[in-house]
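**Student:**
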Amino acid sequence: MMVKFTEALKEGRLMGTKCKKCGAKYLPPRAQCKCGSHEVEWYEAPTRGKLFSYTLVTFPPESMTKYAPYIVAVAELEDDSRLLAQIIGVSPKTLQVGLPVHVVPLQISEDRIVYMFELEETAS
Amino acid sequence: MFFTQHFTTSINNYLSFYSEERKCSCLTQKVGVVGIGHAKFGKRNDATIRELAHEAVIPALEDAGISTADIDASVIGVACDPLAAQISPGALIHDYVGLGNKPMFRVEAACATGSAGVRVAWSLIRAGLAEVVMVIGAETMTHVGTSVATEWMARACDTRWEYPFGVTFPGSYALMALRHMHEFGTTRVQLSMVSVKSHKYGVMNPYAHMQKEVTLEEAMNSVPICQPLNLYDCCLISDGAAAVILASEEKARKISDTPVWITGLGSASDTMMISERSSLTSLTATKLAAEQAYKMAGVSPNDIDVACTHDCFSIAEIMSYEDLGFCKKGEGGKFIEEEQSYIGGKVPTNVDGGLKSKGHPLGATGVSMTFEITKQLRGEADKRQVSGAEIGLTHNVGETGQYCFVHIYTR
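Chains A and B supply the protein sequences, listed in that same order.
Position 43, counted from 1, in the first sequence is what the working numbering calls 43; the numbers after and before it change by one each time, with no gaps.
Position 77, counted from 1, in the second sequence is what the working numbering calls 1077; the numbers after and before it change by one each time, with no gaps.
(1) By the three-class DSSP mapping on this structure, what secondary structure does Glu44/A have?
(2) Arg1050/B lies in the alpha helix (DSSP H); which residues open and close that run?
(3) Starting from Leu84/A, follow the beta strand (DSSP E) in both directions and report where the run begins and ends.
(4) Taking the DSSP output, what are the residues bridged to Tyr1409/B?
(5) Between which two residues does the beta strand (DSSP E) carrying Arg1106/B extend?
(6) Considering Ser1074/B, what are the terminal residues of the beta strand (DSSP E) in which it resides?
(7) Once DSSP output is grouped into helix, strand and coil, what is the label at Gly1337/B?
(8) Just tell me which of Lys1040/B, Tyr1342/B and Phe1371/B has its CA closest to the CA of Val1244/B.
(9) With the cut-off set at 9 angstroms, would you say Ala1241/B and Ala1039/B are in Cβ contact?
(10) Grab me the residues of Arg1277/B's own chain with a C-beta within less than 6 angstroms of its C-beta, minus the 5 sequence neighbours each way, in chain order.
(11) Who are the Cβ neighbours of Ile108/A in its own chain at under 8 angstroms, not counting the five residues just before and after it?
(12) Along the chain, where does the alpha helix (DSSP H) that runs through Ile1125/B open and close?
(13) How many whole angstroms separate the CB atoms of Lys18/A and Glu41/A, which I take to be in contact at a CB cut-off of 8 angstroms?
(14) Could you tell me which chain A residues have their CB closer than 7 angstroms to the CB of Glu1151/B, listed as they occur along the chain?
(15) CA-CA distance, Thr1258/B and Thr1068/B?
(16) If we count the other Cβ atoms within 10 Å of its Cβ and call it buried at 16 or more, is Leu14/A buried or exposed?
(17) Does DSSP classify Thr1400/B as helix, strand or coil?
(18) Report the CB separation of Gly1149/B from Ile1237/B in whole angstroms; it is logged as a contact under 8 angstroms.
(19) Measuring only the C-alpha atoms, how far is His1182/B from Ile1373/B?
(20) Note the first and the last residue of the continuous beta strand (DSSP E) segment covering Arg1277/B.
(21) With 16 as the cutoff for other CB atoms within 10 Å, does Cys1111/B come out buried or exposed?
(22) Out of Pro46/A, Val74/A, Pro61/A and Tyr67/A, which has the shortest C-alpha to C-alpha gap to Thr55/A?
(23) Does any residue of chain B have a CB that is nearer than 9 angstroms to the CB of Leu84/A?
(24) Please report the distance separating the alpha-carbon of Arg1411/B from that of Arg1378/B.
(25) Could you name the residues of the same chain whose beta carbon sits closer than 6 angstroms to that of Val1397/B, not counting the 5 residues immediately before and after it, in chain order?
(26) At the 9 angstroms Cβ level, is Val97/A part of the contact set with chain B, yes or no?
(27) Nearest chain B C-beta to Leu199/A closer than 9 angstroms, yes or no?
(28) Which residue from Val1214/B, Ile1071/B, Ile1274/B and Leu1355/B puts its Cα closest to that of Ala1174/B?
(29) What residue does the alpha helix (DSSP H) around Thr1325/B start on, and which one ends it?
(30) Would Thr65/A be called buried (16 or more neighbouring beta carbons within 10 Å of its own) or exposed?
(31) Among all the DSSP beta bridges, which residues are the ones paired with His1038/B?
(32) Mind reading off the beta-carbon distance from Ala1267/B to Asp1323/B? Whole number of angstroms is fine, and I expect it under 8 angstroms.
(33) Counting only runs of 4+ residues fully inside the segment 1179–1258 of chain B, write out the alpha helix (DSSP H) ranges in chain order.
(34) Leu51/A touches chain B at which residues, Cβ-Cβ below 9 angstroms?
(35) Compute the Euclidean distance between the alpha carbons of Gly1330/B and Leu1265/B, then round it to the nearest angstrom.
(36) Give the residues from the segment 1252–1280 of chain B that approach chain A closer than 9 angstroms (Cβ to any Cβ), ordered along the chain.
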């Protein structure tokens, strides 16, 4: 399941799974639905959404010390699902709940790719 | 020769426990707390985890007026093996406190480990598998330093999807705090009011990690950790242990003049990832567990005279007032502002200092809550006594709401 997710992310696409029986969506993807079925199919999730909550982390765990301070955020995507990631390229002072954001892939090392949020540029 | 005799007697005692002659009316009997003990929470460079457990076990046995020979089984809660630097610490503690060959469970439910232990012990007695059970909760956390302890606790978040972004416990609860402020207008001041209360009562608790009052101004202006949460919004990383002895009704009445009955139990869980929660301003597991416990005990939130709720962060206590039904949704900030959770208020909450100033040695906390409520219902809480307390509640949450146990106690 992770291979497909990672390959799609390299192309900037966010893939989740949807239950064939009840239609419930899962992002990040998983193979078991709460309704009891384990028959799922892939769907492409929207990469745009709104900032649902965020926090500036100034006291990181040991493994994240070199990245601090950083901002962790939860975004509510256009299909009402939510996702957690860091939000980058932004000053914490400009943030407020409801700002439009989009998901971007970020290659953090040769063999690791993650997704992050960025603020949506407002059209001028 | 001596060893063989001792061993044979021990086995015979063990087997007779399960003999057909032994009547089991366990399914209708109550289960009560008959002995309680508590170690000093804090930065305990002077004691290892086994010694902290022992420090709690001795007074618990003395309180009950029994010895280890009278214990049928132990349930031991330690949340984090790496922090104890001991894999499977249950066996270590059981052995050190002198419980020999008796059956022993080790339980883990993150920060709700202690209450998970109480629930398991209650179940063993009710199932007729034991009559007197010792529950021990213990943790050592301070010897590794804050950022390492934070690292281990952060790994309780989904290690594939949330931990890698550096979200930690304070981070997760900060996301909830911001959302609560956004949806209900809860204020930064109200968050700090929780800390002020916690420290006021911590000073009166000889077992508390921190025994120092704090002013509203100090709490408001302390160093930011994960905004909007600052240092005084976050519970302490502590070493400590607590022990309680549970017994079947028949045994409890023989052992104690003042058994405190656990008459309501509820337990529920929630999604691993906070991004999948139905709400960031409420813990579904709390609501479900509380509903079960109230129903089983035949009481409502209005009947609760004193409570210990899970205040890992100030926002967690505010949400607990709402999720447990002490006040309406969104009015948790008002509840603390009006001093309704102080002694004399509607539901005195965490008047032992709570996780925030009493401390939060992960595995010990739930057992410490049971200790406190038992003391209150016995009328032994001294300066922190809620007068006439007859019905108490403990609320223990694991991780960011993945585990929840609610217990209701009556005299």
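Glycine residues also receive a C-beta, built at the ideal position from the N, C-alpha and C atoms.
**Tutor:** Reading from the atomic positions:
(1) Taking the first sequence and counting its residues from 1, one reaches residue 44/A at position 44. Glu44/A falls in the strand class under three-state DSSP.
(2) As a position in the second sequence, residue 1050/B is number 50, starting the count at 1. Per DSSP, Arg1050/B belongs to the alpha helix (DSSP H) from Ile1049 to Ala1064.
(3) Counting from one through the first sequence, the residue named residue 84/A turns up at place 84. Here the beta strand (DSSP E) through Leu84/A covers Arg82 to Gln86.
(4) Here the question's residue 1409/B lines up with position 409 in the second sequence. Here Tyr1409/B is bridged, per DSSP, to Ile1262/B and Gly1392/B.
(5) Position 106 of the second sequence, counted from the start, is the residue given in the question as residue 1106/B. DSSP places Arg1106/B inside the beta strand (DSSP E), whose first and last residues are Met1104 to Val1107.
(6) The residue given as residue 1074/B occupies position 74 in the second sequence. Secondary structure note for Ser1074/B: its beta strand (DSSP E) is the uninterrupted segment Ala1073 to Gly1077.
(7) Along the second sequence, one-based indexing puts residue 1337/B at 337. The sequence given here has Glu at residue 1337/B, not Gly. Of the three classes helix, strand and coil, the one that applies to Glu1337/B here is helix, per DSSP.
(8) Taking the second sequence and counting its residues from 1, one reaches residue 1244/B at position 244. Measuring from the Cα of Val1244/B, the nearest candidate turns out to be Phe1371/B.
(9) Position 241 of the second sequence, counted from the first residue, corresponds to residue 1241/B. Position 39 of the second sequence, counted from the first residue, corresponds to residue 1039/B. Yes; because the gap between Cβ atoms is below 9 angstroms, this pair is in contact.
(10) Numbered from its first residue, the second sequence carries residue 1277/B at position 277. Within the same chain, Thr1271 come within 6 angstroms of Arg1277/B by CB-CB distance, once the 5 residues on both sides are set aside.
(11) In the first sequence, counting from the first residue as 1, residue 108/A sits at position 108. If the five residues before and after Ile108/A are omitted, its C-beta is found closer than 8 angstroms to the C-beta atoms of Val114, all from its own chain and listed in chain order.
(12) As a first step, residue 1125/B must be located in the second sequence, where it is residue number 125. Here the alpha helix (DSSP H) through Ile1125/B covers Thr1113 to Arg1126.
(13) Indexing the first sequence from 1 puts residue 18/A at position 18. Indexing the first sequence from 1 puts residue 41/A at position 41. Going by Cβ atoms, the distance from Lys18/A to Glu41/A rounds to 6 angstroms, so yes, they are a contact pair.
(14) Counting from one through the second sequence, the residue named residue 1151/B turns up at place 151. Neighbours of Glu1151/B on chain A, chain order: Pro61, Glu62 and Ser63.
(15) The count along the second sequence starts at 1 and reaches residue 1258/B at position 258. The count along the second sequence starts at 1 and reaches residue 1068/B at position 68. A straight-line Cα-Cα distance of about 20 angstroms links Thr1258/B and Thr1068/B.
(16) Locating residue 14/A in the first sequence gives position 14, where the first residue counts as 1. Residue burial annotation: Leu14/A is buried, with at least 16 other C-beta atoms found within 10 angstroms of its C-beta.
(17) Indexing the second sequence from 1 puts residue 1400/B at position 400. Three-state result, Thr1400/B: coil.
(18) Position 149 of the second sequence, counted from the start, is the residue given in the question as residue 1149/B. Position 237 of the second sequence, counted from the start, is the residue given in the question as residue 1237/B. In the sequence on display, residue 1149/B carries Ala and not Gly. Contact flag correct, Cβ pair sits at about 5 angstroms.
(19) The count along the second sequence starts at 1 and reaches residue 1182/B at position 182. The count along the second sequence starts at 1 and reaches residue 1373/B at position 373. Cα to Cα, the separation comes out at about 34 angstroms.
(20) To locate residue 1277/B, count along the second sequence from 1; it is residue 277. First-last for Arg1277/B: undefined, no H or E at that position.
(21) Counting from 1 along the second sequence, the entry for residue 1111/B is found at position 111. By the neighbour-count rule (16 or more Cβ atoms within 10 Å), Cys1111/B is buried.
(22) Position 55 of the first sequence, counting from 1, holds the residue named residue 55/A. Across the set Pro46/A, Val74/A, Pro61/A and Tyr67/A, the C-alpha of Val74/A shows the shortest separation from the C-alpha of Thr55/A.
(23) As a working note, residue 84/A is residue 84 in the first sequence. Under the Cβ criterion of 9 angstroms, Leu84/A is counted among the residues facing chain B.
(24) Stepping through the second sequence from its first residue, residue 1411/B is reached at position 411. Stepping through the second sequence from its first residue, residue 1378/B is reached at position 378. In this model, Arg1411/B and Arg1378/B are separated by some 8 angstroms (Cα to Cα).
(25) Within the second sequence, the letter at position 397 stands for residue 1397/B. The residues are Ala1112, His1310 and Cys1404.
(26) For the purposes of this step, residue 97/A is taken as the residue at position 97 of the first sequence. Taking 9 angstroms as the threshold, the shortest C-beta distance from Val97/A to chain B falls below it.
(27) Not covered by the structure: residue 199/A. The range shown for chain A is 1 to 124.
(28) Along the second sequence, read from residue 1 onward, the residue named residue 1174/B stands at position 174. Among Val1214/B, Ile1071/B, Ile1274/B and Leu1355/B, the Cα nearest to that of Ala1174/B belongs to Ile1274/B.
(29) Position 325 of the second sequence, counting from 1, holds the residue named residue 1325/B. As written in the sequence, residue 1325/B is Gly, which differs from the Thr given in the question. Counting along the chain, Gly1325/B sits inside no alpha helix (DSSP H), nor does DSSP assign it H or E at all.
(30) As a working mapping, residue 65/A is identified with position 65 in the first sequence. Counting Cβ neighbours within 10 Å, Thr65/A comes out exposed, since fewer than 16 surround it.
(31) Position 38 of the second sequence, counted from the first residue, corresponds to residue 1038/B. According to DSSP, His1038/B bridges with Ala1242/B.
(32) Locating residue 1267/B in the second sequence gives position 267, counting from the first residue. Locating residue 1323/B in the second sequence gives position 323, counting from the first residue. Reading off the sequence shown, one finds Ser at residue 1267/B, where the question assumed Ala. That belief does not hold up - the Cβ atoms of Ser1267/B and Asp1323/B are roughly 14 angstroms apart, past 8 angstroms.
(33) Considered as a whole, the segment 1179–1258 of chain B harbours 1188–1202, 1216–1220 and 1249–1255 as its complete alpha helix (DSSP H) runs of no fewer than 4 residues, in chain order.
(34) Numbered from 1 along the first sequence, position 51 holds the residue referred to as residue 51/A. Those do not exist, as Leu51/A stays about 10 angstroms from chain B at its closest Cβ, beyond 9 angstroms.
(35) In the second sequence, residue 1330/B corresponds to position 330, counting from 1. In the second sequence, residue 1265/B corresponds to position 265, counting from 1. C-alpha separation (whole angstroms): 26 angstroms.
(36) Within the segment 1252–1280 of chain B, contact with chain A at the beta-carbon level (separation under 9 angstroms) is assigned to Met1273, Ile1274, Ser1275, Glu1276, Arg1277 and Leu1280.
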